[in-house]
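Student: Per mature numbering (1 follows the signal peptide of the UniProt record, and there is no 0): the sequence shown = residues -23 to -1, 1 to 296.
Sharing a structure with you now.
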Amino acid sequence: MNSKWKMLSFISFALLLMSIKHHFRIKKHLQKIRLCWDHEAEPQLSDWFDPKKRPDVITTTDWLAPVIWEGTYNRQVLEKYYKRLNITVGLVVWATEKFAGQYLKEFIQSANEHFMNGYKVIFYIIMDDFSRFPPIELGPLRTFKLFAASKEKRWEDVNVVRMRNLNVYIIKHIQNEVDFLFSMTINQIFKKDFGVETLGKSVAQLHAWWYFQNAKNVPYERRYKSAAFIPFGEGDFYYHSAIFGGTPQEVLTFTIEYQRAVTSDNNNGLSSTFECHLNKYFFINKPTKLLSPEYNWDPTFRTPPQIKHVKIAWQPKDI
């Protein structure tokens, strides 16, 4: 009887052991599936980008970053990837002084229609007077947050104040809320879809005024003592400060480096433009994705045949 009991106990223990082992094997397999799902490989550049489709323009940089033109990208491939990641994209815009009433409503309404359709979007609107905020209706997946713009002192450059504000808001709020972030000036209107083909670690906008001009004439900072200095004969492209973006961490890094550069210039009795500092930053820290002038076009120009679809158009702005 005792031997039979021992045998039954042994069999029960063996079955229990097999059951536990089978359970953990299944659990481990499910965890592996989930891990693969959560960390699905990002599509290779060749999966969604074909530079040969636009032989009339520059589509790839010397450091092999794509330049996004109409016809070069397959948005559907990227949509499949980013939809599974359930991303949120942030868009920062400054609506201060007279520009709040003049441009904000048109900017947000057009962005609501064309910016990152089908994805969660947070519009971060930085204002110096919330009473000027116009009534705005947003579509599904779209929300906005109002942030106060700190008052600059008379001697402070407005862009220094803006980047300081952006630095603070990225650290306190934005970095925990979005996966990608764009900063844009308010005097623009979205005309066509501005989609996931624009997303990247570090995104720079080619300047419409200067892309089709002689590279020797671009207005880089040429004073060698300036932190924005780029020597004659050097430089890649001239980038427009109206649009830049990337991951929140990359945008945060730029705000830090810009403030350091301005402090250095101040110590040397110099002052350079925000755009020159942006160009120097991208000269040293090459952007991983460039947006063609189609993404930020000045309609007062005669539109050349290379511009197939204008994604964003400027509005005149008197500063």
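All C-beta atoms in this analysis are idealised placements derived from N, C-alpha and C, irrespective of residue type, glycine included.
All figures in this text were calculated on a predicted structure; none of them were measured in a lab.
I need the straight-line Cα distance from Lys30 to Val69, nearest angstrom please.
Tutor: About 32 Å.
Student: Taking DSSP's pairing of strands, which residues face Val98 in a bridge?
Tutor: Partner(s): Val66 and Arg119.
Student: Spell out a yes or no on whether the segment 238 to 250 and the segment 192 to 205 are touching, meaning 3 or more CB-CB pairs, one atom from each, closer than 8 Å.
Tutor: Judged by Cβ distances under 8 Å, the segment 238 to 250 makes contact with the segment 192 to 205, as three or more pairs qualify.
Student: If Met140 sits next to Thr232, beta carbons under 8 Å apart, how far is it from one beta carbon to the other, in whole angstroms?
Tutor: With a Cβ gap of about 5 Å, Met140 and Thr232 count as contacting.
Student: Which residue from Ile207, Ile85, Val180 and Asp27 puts its Cα closest to that of Lys263?
Tutor: Nearest C-alpha to Lys263: Val180.
Student: Between which two residues does the beta strand (DSSP E) carrying Lys266 extend?
Tutor: Lys266 -> beta strand (DSSP E) spans Lys266 to Leu268.
Student: Determine the DSSP secondary structure at Asp226, reduced to helix, strand or coil.
Tutor: At residue 226 the sequence reads Gln, which differs from the Asp that was named. Of the three classes helix, strand and coil, the one that applies to Gln226 here is helix, per DSSP.
Student: Exposed or buried, what is Trp291 when buried is set at 16 or more other beta-carbons lying within 10 Å of its beta-carbon?
Tutor: Buried, by the Cβ-count rule.
Student: Return the chain-ordered ranges of every beta strand (DSSP E) run that is complete within the segment 135 to 188 and spans a minimum of 3 residues.
Tutor: 157 to 161, 165 to 167 and 179 to 183, all fully within the segment 135 to 188.
Student: Rounded to whole angstroms, what is the Cα-Cα separation between His(-2) and Pro20?
Tutor: Because His(-2) sits at a pLDDT of 45, beneath the cut-off of 50, its placement in the model cannot be relied upon, and the following sentence gives the value as read from the coordinates. In a straight line, the C-alpha of His(-2) is about 35 Å away from that of Pro20.
Student: Rounded to a whole number of angstroms, what is the C-alpha to C-alpha distance between Arg119 and Pro112?
Tutor: Distance between the alpha carbons of Arg119 and Pro112 is about 15 Å.
Student: If you draw a straight line from the alpha carbon of Thr277 to that of Tyr258, how long is it in whole angstroms?
Tutor: Their Cα atoms are separated by approximately 29 Å.
Student: Leaving out five residues before and five after Gln182 in sequence, what residues of the same chain have Cβ atoms less than 7 Å from its Cβ?
Tutor: Cβ neighbours of Gln182 beyond the five flanking positions: Tyr216, His217, Ala219, Ile220, Phe221, Leu268, Tyr272 and Asn273.
Student: Starting from Trp25, follow its DSSP beta bridges and name the residues at the other end.
Tutor: Looking at the DSSP assignment, Trp25 forms no beta bridge with any residue, so it has no partner.
Student: Between which residues of its own chain and Lys285 is the CB-CB distance below 7 Å, once the five residues before and five after are set aside?
Tutor: Only Glu47, Gly48 and Glu271 meet the Cβ criterion.
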